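Residue numbering for the sequence shown follows numbering that gives the first Met the number 0, starting at 0 and increasing by one per position.
These notes are about the structure you will find just below.
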Amino acid sequence: MKTIAYLMEYPLDLPGGAQMSTLSICDGLASDPGCGYRPVVICPALLTHKTADYRFEIFEYDMGENRIRNLFIRIRAFKKILSDLKPDLIHIEMSESLITYGFIRKRFRGIPYIYTDRGLCFGYRKRSRFFMDPVLRDSSMMVTTTEFNKRLWSEGSDISPISVISNTISDRYFGTYEPEKRRVHEKPVIGLAGRICVEKDWPFACDLIGMLAESGLDFKVSIVLATFEKGDDLEVKTILDRLRASVGEEDLEYFLNYDQSQMSDFYYGVDIFLMTSSFESFGKAAVEAMSRKCAVVSTSVGGLPEVIGLEENLYTREEPQKGIDQIKRLCGDREMLVGQQEYFYQRYRDNYTEDRYIKEHVRLYDEFT
């Protein structure tokens, strides 16, 4: 059996897209020994889990709060663990891990390595690209999660080869659709979800809900917010106060820091999932909503147009009226809404299931081992 080492700079159990995607790959490989790969994750010490909680091996290393010091800690940890492990392939899942591996890659010259870019080409600082690009040129392959990002890298760099493997969501929590959980409402329910961060553009989300209310639409809002940093609680209060002022206390329900199981159930109660992001490389929340038969209306940014695939459901921050008009059409036409919900569910089934994601990775790994 061949060993694949996954390099990460954050704990595997810290909520995040890269962590969940890595978990999906490793769970899939570990549950199917016939694929011929043994996954091993190298990451900082787990936060709330133990390594025994996972069906694959995890090698932990200590981390501090100083970024420069952490770089040297990672260099030592990667060098020691990889020397002992002697993997057949290295899969780098995060940008700082890529930069870190760059300092020791000559030591492991005989081991092919690939990098998955879960961001966007233009989302990196010049300083980061200065360190990343030489490592990427030496890599066996770079993987992007959308054709959009592949095109950005192809046109904006000399990095090659580049392949595309669309992202996925957890099969453990989203794989099975349970129709009895899908809730039908007298008033349409518009859902929002995400962590507190600049990219999610919560002030604009509140603006848009306010415009929908002012347009005369009678609806409810259901929102899940995730906090992580100091000051996030104050931002949550501001968001909820603004939403409450737009739709009223009785038409607002809100939840904090849901886990994946709770998120899976949350989407069953949403008719239209609204995304207002100013930056999204892929948009996993959109796919989660699709898997629960939500219609999705979203800003046209990053990889979201490719993921959503319906031009009429895309709008821009500069022209929000297009999104408002589409939401009102969906709310006023039950047959149209149900049709879109079925469309998005099938789109998830055709493109973003975990099974498809794992098979495409195995196909990629087979090229280099």
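The beta carbon of each residue, even a glycine, is placed where N, CA and C say it ideally should be.
In this text the structure is predicted, and so the values were computed from the model without any measurement.
For a quick check, are the C-beta atoms of residue i and residue j less than 8 Å apart?
| i | j | result |
| --- | --- | --- |
| V39 | P86 | yes |
| F102 | I74 | yes |
| Y114 | L135 | yes |
| M131 | L97 | yes |
| F203 | T275 | yes |
| L6 | Y364 | no |
| G301 | L119 | yes |
| F272 | V223 | no |
| S127 | S94 | yes |
| C25 | V361 | no |
| A192 | A284 | yes |
| E311 | Q325 | yes |
| I57 | T50 | yes |
Given this structure, state the Cα-to-Cα distance separating residue i from residue j, to the nearest angstrom.
| i | j | result |
| --- | --- | --- |
| D270 | V188 | 5 Å |
| Y286 | D354 | It should be pointed out that residue 286 corresponds to Val in this sequence rather than to Tyr. Taking the straight line from one Cα to the other gives about 15 Å. |
| I91 | L303 | 24 Å |
| L239 | P10 | 30 Å |
| G209 | S277 | 18 Å |
| G15 | R194 | 10 Å |
| G190 | T145 | 25 Å |
| L81 | A4 | 8 Å |
| S221 | A76 | 44 Å |
| D12 | F121 | 28 Å |
| M289 | D250 | 23 Å |
| I164 | I357 | 10 Å |
| H184 | K219 | 10 Å |
| T47 | E228 | 17 Å |
| I161 | T143 | 7 Å |
| D349 | L336 | 20 Å |
Buried or exposed: where does residue i fall if 16 or more other Cβ atoms within 10 Å of its Cβ makes it buried?
| i | result |
| --- | --- |
| F55 | buried |
| F281 | buried |
| E279 | buried |
| R346 | buried |
| I67 | exposed |
| Q339 | buried |
| S260 | exposed |
| D200 | buried |
| T315 | exposed |
Between the options, which has its C-alpha nearest residue i's C-alpha?
| i | options | result |
| --- | --- | --- |
| V197 | G230, R104, F129 | G230 |
| Y172 | M274, Y267, G331, K358 | Y267 |
| I72 | S82, D61, D206, S159 | D61 |
| R291 | S263, A76, E317, E366 | S263 |
| Q37 | G174, K1, G338, G331 | Correcting the residue identity first, residue 37 is Arg in this sequence and not Gln. The residue with the shortest Cα to Cα distance from R37 is K1. |
| N148 | A288, E252, R117, Y176 | R117 |
| N65 | F272, E8, D349 | E8 |
| V246 | E95, Y176, D206 | D206 |
| P43 | T315, L70, D324 | L70 |
| T373 | L313, L45, A51, T352 | One cannot answer for residue 373 here, as it falls past the ends of the chain, which runs 0 to 368. |
Validate contact between the segment 19-30 and the segment 163-182 using beta carbons, cut 8 Å, 3 pairs: yes
Under 8 Å: do the segment 235-243 and the segment 141-157 share three or more Cβ pairs, one atom per stretch? no
State whether the segment 251-258 contacts the segment 176-185, with contact taken as three or more CB pairs (one from each stretch) at a distance under 8 Å. no
Between the segment 208-228 and the segment 293-308, can you find at least three pairs of beta-carbon atoms closer than 8 Å? no
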